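As structure tokens, the structure follows; a few thoughts come after it.
Protein chains: 2
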Amino acid sequence: MSIEETYLEVGSAGAVEKQFYTYAEPPGEMILESGASLGPITIAYETWGELSAKRDNAVLVAHAFSGDSHAAGFYPDEPKDAKPGWWDSMIGPGKGLDTDKYFVICANILGGCMGTTGPSSINPKTGAPYGLDFPMMTVGDIIESQKILLDHLGISSLHTVTGGSVGGMQVLEWCVRYPEMVRSAIPIATTMRHSALAIAFNEVARQAIMVDPKWNRGNYYDSEKPDLGLSVARMIGHVTYLSDEAMRRKFGRKLQNKANFSYGFDVDFMVESYLRYQGSQFVKRFDANSVLYITKAADYFDLVNREPPAKSIQDILAMPIKFLVISYTSDWLYPTYQAKELIQALKRADLDVSFCEIEADCGHDAFLIPDKRLGTLIGGFLDGVPRN
Amino acid sequence: MSIEETYLEVGSAGAVEKQFYTYAEPPGEMILESGASLGPITIAYETWGELSAKRDNAVLVAHAFSGDSHAAGFYPDEPKDAKPGWWDSMIGPGKGLDTDKYFVICANILGGCMGTTGPSSINPKTGAPYGLDFPMMTVGDIIESQKILLDHLGISSLHTVTGGSVGGMQVLEWCVRYPEMVRSAIPIATTMRHSALAIAFNEVARQAIMVDPKWNRGNYYDSEKPDLGLSVARMIGHVTYLSDEAMRRKFGRKLQNKANFSYGFDVDFMVESYLRYQGSQFVKRFDANSVLYITKAADYFDLVNREPPAKSIQDILAMPIKFLVISYTSDWLYPTYQAKELIQALKRADLDVSFCEIEADCGHDAFLIPDKRLGTLIGGFLDGVPRN
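Printed below as a string of structure tokens:
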């Protein structure tokens, strides 16, 4: 079955169940990059396909900022009109991450709010949600939590690790922390360090949440939530995930309902309605504190300037990992020039790097939109990665 | 004296006083584009240079979103370390808008909060500030208020009208409403219609204000102001006024005060500190409701699709106005492709159009930053515009 024929076969990865692993073995704690300790932690994850007898076909998918472990297929009890997982177009038989060949794993990130321990989880020391007592975590800490899960699953080598955006940062961090475990890496629509522009947008989103009086310094789990602030934060994010071109094509200056302007502050333009809707939907499924923690982890991310300071990327990326770097022409959050900076750094470390800039006008979110080209590209690349 | 020698002579336009004109003659009301009436209105304005005996050397400067009438020089009673007006580098003897030649006028826009009637002004019908009872105004209504001022000053022809951003929209609107009064027009860093992206950013800024409980549906003049929401709105604006390049150069990933990350939600990066500072300063000088009204007027702006609907730009721009259109390479709010759309429309109307895209990495705000090139360009262009 060719990728072309199947990539749109929605839900072909089949039914999937969210699983949970609680890391409670002594010491039962993670020591985070900040020096803080956290534990016990629970990791929510889902898997597709079968692990080979040699345990050499595992693929780790790292999700983006607001994603979760539900990367493909449907839950058994879902209504018929439910949406499949967020990368359903990539995961399934014959797809880019071919579940006839690979055992695909996706875990909710540390600090998230979709099953893995985060600020909305219960702090065992107090019996109440962590809130701002949750220690600040980094992309490196996210990788350590995924390593704990892989140890639990008995997986010591990954055929590839892939993901877009903050997921791409995790891909790079895997190569730095456990290069001996990673045979290939596919960072997509990402950067090797967060730019001032990206930090700026994250900071505005955080401020939008923190100025909401209902945020209450992160202590809102027993009362009304800071939905208004979180909604504005999501609206800011959504503008950065699209592109000027995509917004012109999708919305232009089309009015939402009326023949004429309202001459007021209700919705006039379709793009206003779209953003308000995105904001209002997001608050139903996402925790405001998780936005704070995850955006901060992204801002801290810097593949090159690490502790101890003197290390070069050559020192860091010690193993001969094969790379496929993918960027999108209209992504202005992590533009192609940043992918090229990454490639130059990898090439200076004598690594085997392929690069593809995909022509797409839909901005940063392009990697989430079903597109044959991405599946074909990744499927072909993975076929060329030796199993051992 | 050449432009090159003088453009940095700060405050060379001299002392200036803010003046006020209240249009109270019967009917003493403006009928706005929405159909609503507003009046009496007061217009705050400042002037530099002398009106010629023939009254043929007037230049109108239209300010941007958060600007005001104070375009150059100093107020007589200001402390020595005060900043000069916002376009001081352009206005003065020998500068681009040469006050030895031209009588320069700048008026605070309708809906603003710097002396001209706006939502924070007293509603004569109630004796209290308008708040949301202020009728929605458009860029066209701003032009009508400026026309009232010019009538009062006895000026029936403009050597040029110029301005950047929302000021550029006013330039274009002048050409449409009173083409017989305008000999030349210099729209800078602007667009002939607000794009979906620009509307999106404005809408997020408005939402940031309106979700602040202290906004109280615009009724906050007797109590605490929605400073937190307004501050977030300004932070959003500031990101759009800069550029990826400018932010990399200015901030990069520099930390504000510390050698290490705070692993918390205080300021880590210099860019965070900069944005918070910009937000905190803005609330001291600007009214949140004015942000709502002015951003909405900008969103409504569309030079081409006007009532009555069938009119083409040829019908609208009836007079042979000379145009100088200026854009900046790194302006992503009103990118050069939008300037080119304007130029094509003007050329189709057989108008005399010059165009310059200025190479600058500082984003949309480039037109506000002292730069010899802009003064030279505008000074030379104006010399070539016949006086009658």
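Line by line, the protein sequences give chains X and P. According to the working numbering, the first sequence is numbered sequentially starting from 1. According to the working numbering, the second sequence is numbered sequentially starting from 1001. The C-beta atom is built at its ideal place from N, Cα and C for all residues, glycine as well. Predicted model, so just to flag it, every value in this text is computed and none were measured.
Along the segment 1256-1277 of chain P, the positions whose C-beta sits under 9 Å from a C-beta of chain X are 1260, 1261, 1262, 1263, 1264, 1265, 1267, 1268, 1269, 1270, 1271, 1272, 1274, 1275 and 1276, read in chain order. Within chain P, no residue has its CB atom less than 9 Å from the CB of residue 97 (chain X), the nearest being about 32 Å off.
Put simply, the CB of residue 1034 (chain P) is near chain X, with a gap under 7 Å to one of its CB atoms.
One alpha carbon belongs to residue 268 (chain X), the other to residue 1206 (chain P), and they sit about 13 Å apart. Under the three-state reduction of DSSP output, residue 213 (chain X) falls in the helix class. Under the three-state reduction of DSSP output, residue 122 (chain X) falls in the strand class. Per the C-alpha coordinates, the member of P:1193, P:1082, P:1149 and P:1133 positioned closest to residue 1038 (chain P) is P:1133. Residue 1313 (chain P) has a beta carbon lying at 7 Å or more from every beta carbon in chain X. Listed along chain X are 232 and 235, each with a C-beta nearer than 7 Å to that of residue 1207 (chain P). Between the segment 180-188 of chain X and the segment 1193-1200 of chain P, the count of C-beta pairs closer than 8 Å stays below three; the two stretches do not touch.
Under the 10 Å beta carbon count, residue 337 (chain X) is surrounded by fewer than 16 other beta carbons and is classified as exposed. Assignment of residue 256 (chain X) by DSSP, reduced to helix, strand and coil, places it in the coil class. In this structure residue 1128 (chain P) is exposed. Its beta-carbon is surrounded by fewer than 16 other beta-carbon atoms within 10 angstroms. Under the criterion of beta carbons closer than 8 Å, residue 375 (chain X) and residue 1211 (chain P) do not qualify as touching, at roughly 40 Å.
For residue 380 (chain X), the uninterrupted alpha helix (DSSP H) run begins and ends at 372-383, by DSSP. The three-state reading of DSSP puts residue 1179 (chain P) in helix, counting H, G and I together. Each residue's CA atom was taken as its position, placing residue 1190 (chain P) and residue 1348 (chain P) some 19 Å apart. Using a Cβ-Cβ cut-off of 7 Å, residue 38 (chain X) is close to nothing in chain P; its nearest Cβ partner there is about 12 Å away. Looking only at X:61, X:214 and X:272, the smallest Cα-Cα distance to residue 146 (chain X) is reached by X:61. Here DSSP, grouped into helix, strand and coil, assigns residue 20 (chain X) to strand. When DSSP states are grouped into helix, strand and coil, residue 1304 (chain P) belongs to the coil group. Between the beta-carbon of residue 1292 (chain P) and that of residue 265 (chain X) there is about 6 Å, and that keeps the pair under the 8 Å contact cut. Separation of residue 1101 (chain P) and residue 1143 (chain P) (C-alpha to C-alpha, rounded to the nearest whole angstrom) is 24 Å. Setting aside the 5 residues that flank it on each side, residue 1221 (chain P) is surrounded in the same chain by 1120, 1128, 1129 and 1131, each with a C-beta closer than 8 Å to its C-beta; the list follows chain order.
For residue 276 (chain X) and residue 1150 (chain P), the gap between their C-alpha atoms comes out near 41 Å. Residue pairing for residue 1324 (chain P): DSSP places it in a beta bridge opposite P:1354. Neighbours of residue 1377 (chain P) across chain X, judged by C-beta separation under 9 Å, do not exist; the nearest C-beta is about 26 Å away. Listed along the chain, the chain P residues whose CB falls inside 7 Å of the CB of residue 201 (chain X) are 1239. Distance check between residue 46 (chain X) and each of X:297, X:29 and X:87 places X:87 closest, using alpha-carbon atoms only. Around the C-beta of residue 1020 (chain P), fewer than 16 other C-beta atoms lie within 10 Å, and the residue is accordingly described as exposed.
At a cut-off of 7 Å, the C-beta of residue 134 (chain X) has no neighbouring C-beta in chain P. Close to chain P, meaning a Cβ-Cβ distance shorter than 8 Å, are the following residues of the segment 328-354 of chain X: 332 and 335. Within 10 angstroms of the beta-carbon of residue 281 (chain X) lie fewer than 16 other beta-carbons, which makes it exposed. In the three-state reduction of the DSSP assignment, residue 1272 (chain P) falls in the helix class, which pools H, G and I.
Pairing residue 22 (chain X) with residue 139 (chain X), the inter-Cα distance amounts to about 20 Å. Taken through DSSP and simplified to helix, strand or coil, residue 61 (chain X) comes out as strand.
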